[in-house]
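So the sequence shown is numbered by my numbering: it starts at 64 and just counts up by one.
Report on the following structure.
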Amino acid sequence: MRRLLATALLPYAKLRNALSPGLRILMYHRVARLPAYDQLTVSPERFERQMQQLAAHKVVSLEEGLRTLRAGPLREPMFAVTFDDGYLDNLTAAAPILERHRIPATIFVTTQFCDKALSHPRYGDIGEQRLHLDWDEVRRLARTPGISIGSHTRTHPYLPTISDSLAQQEIELSRAEIAAQIQAPVPFFCYPSGDLGPRELALVRQAGYAAAVSVAPGVNHANADLFQLRRTEITDRDDEAQFRLKLAGAFDPIHQLLHARRTRRFAQKHLKPSTSYEATKL
Ligand SMILES: [Zn+2]
64 MRRLLATALL PYAKLRNALS PGLRILMYHR VARLPAYDQL TVSPERFERQ
114 MQQLAAHKVV SLEEGLRTLR AGPLREPMFA VTFDDGYLDN LTAAAPILER
164 HRIPATIFVT TQFCDKALSH PRYGDIGEQR LHLDWDEVRR LARTPGISIG
214 SHTRTHPYLP TISDSLAQQE IELSRAEIAA QIQAPVPFFC YPSGDLGPRE
264 LALVRQAGYA AAVSVAPGVN HANADLFQLR RTEITDRDDE AQFRLKLAGA
314 FDPIHQLLHA RRTRRFAQKH LKPSTSYEAT KL
């Protein structure tokens with residue numbers, strides 16, 4: 064149904080891209096072969112095909128994308144690739160594919176996942192297999208041409224629910240910790256679950272980041288708020304035709320409606336004291 068709607072919207076999306084091209088930031092999490100469909104996981108085969116398709120377009124690093132946005136209206140559509148949570152498979156499965164297609168990417172790591180003190184609650188205990196990158200692996204990725212490391216907080220909290228001082232630590236300290244580990248600046252931040260309010264926006268600016276990404280769907284133009292850049296979520300269901308529709312932005316109006324509904328529901332839940340991080344996940 065959504066695909067049919069998106070197909071119907073394609074001519075409009077193409078016209079919009081021609082008249083007013085933007086920077087589209089793709090959002091990935093894991094690249095792995097799992098026994099069942101998982102919204103945050105794309106199989107290596109699917110990822111390879113998507114990158115092959117993407118390589119026909121202008122793909123830039125987040126840094127170059129940001130420079131272009133700051134310089135004024137874009138001349139052609141641009142794409143950037145991001146990964147959230149710092150999964151080990153970003154190094155073992157995604158990095159070789161990115162390298163093969165010469166596609167730059169930014170990986171947002173959560174420092175206590177790299178410390179092996181915490182792990183993303185969605186996947187729980189996965190036995191012997193390690194889920195996240197450790198610091199040695201983060202450094203290896205940081206040294207890989209085209210790969211940059213961003214911050215995704217220290218503990219991956221639902222930021223709007225925690226105290227001012229904790230929120231500040233999550234945003235500021237994570238940046239300092241990553242910079243010390245990789246011996247390089249950390250210009251980008253990514254809000255866990257994309258949830259943010261005015262306080263988070265202020266803290267991210269104050270911490271010295273150059274820009275931050277959210278999960279609000281859509282494309283970014285020269286007038287975009289650099290501290291809540293929009294992204295397009297890519298899943299394992301995005302075969303060639305659907306990936307093309309997503310790159311063109313034909314899904315944007317549908318995803319924007321769904322996102323608005325989700326944001327409203329979160330705000331309602333957020334008012335209840337029993338709101339837990341788990342309950343607010345995707
Ligand atoms: Zn996350």
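Beta carbons are placed, not taken as given, at the ideal position from N, Cα and C, and that holds for glycine.
query	result
Span separating the alpha-carbon of E260 from that of S277	At residue 260 the sequence reads Gly, which differs from the Glu that was named. Cα to Cα, G260 sits roughly 11 Å from S277.
Of the listed residues R93, S83, E235, K121, nearest to R185 (C-alpha basis)	R93
According to DSSP, residues forming a beta bridge with L89	V144, T295
heavy atom of ligand 1 below 8 Å from C253 C-beta	yes
Extent of the continuous alpha helix (DSSP H) run through F176	174 to 177
Counted within 10 angstroms of its Cβ, other Cβ atoms place R293 as buried (16 or more) or exposed	buried
Beta strand (DSSP E) segments (min. 3 residues) lying fully within the stretch 262 to 288	274 to 276
Touch test, the stretch 98 to 115 against the stretch 69 to 86, Cβ-Cβ under 8 Å, three pairs minimum	no
Where H322 sits in the DSSP three-state scheme	helix
Where R109 falls, given that 16 or more other Cβ within 10 Å makes a residue buried	buried
Assigned secondary structure, G213 (DSSP; H/G/I helix, E/B strand, else coil)	strand
Any non-hydrogen atom of ligand 1 within 8 Å of S371 CB	No answer is possible for residue 371: it lies beyond the span of the chain, which begins at 64 and ends at 345.
Through-space distance from V249 to P107, alpha-carbon basis	28 Å
Contact test: H195 Cβ vs ligand 1 heavy atom, cutoff 8 Å	no
Close beta carbons around P336, own chain, < 7 Å, minus the five adjacent residues each side	Confidence at P336 is low in this model, with a pLDDT of 47, below 50, so its placement is unreliable and no value can be given for it.
Local Cβ density within 10 Å of L194, reported as buried at 16 or more and exposed below that	buried
F306 - DSSP class collapsed to helix/strand/coil	helix
Inter-residue spacing [alpha-carbon to alpha-carbon] between A274 and G213	10 Å
Segment contact flag, the stretch 113 to 128 with the stretch 171 to 186, C-beta cutoff 8 Å, min 3 pairs	no
Boundaries of the beta strand (DSSP E) in which F252 is found, first to last residue	251 to 253
Beta-carbon spacing of A311, L67 below 9 Å	no
Per-residue burial, Q291 [other beta carbons within 10 Å of its own, 16 or more giving buried]	buried
Three-pair Cβ contact test at 8 Å for the stretch 146 to 153 versus the stretch 221 to 239	no
As assigned by DSSP and simplified to three states, the class of T169	strand
DSSP state of Y100 mapped onto helix, strand, coil	coil
D258 CB to nearest heavy atom of ligand 1 below 8 Å	no
Buried or exposed by the 16-neighbour rule on C-beta atoms within 10 Å, applied to R217	buried
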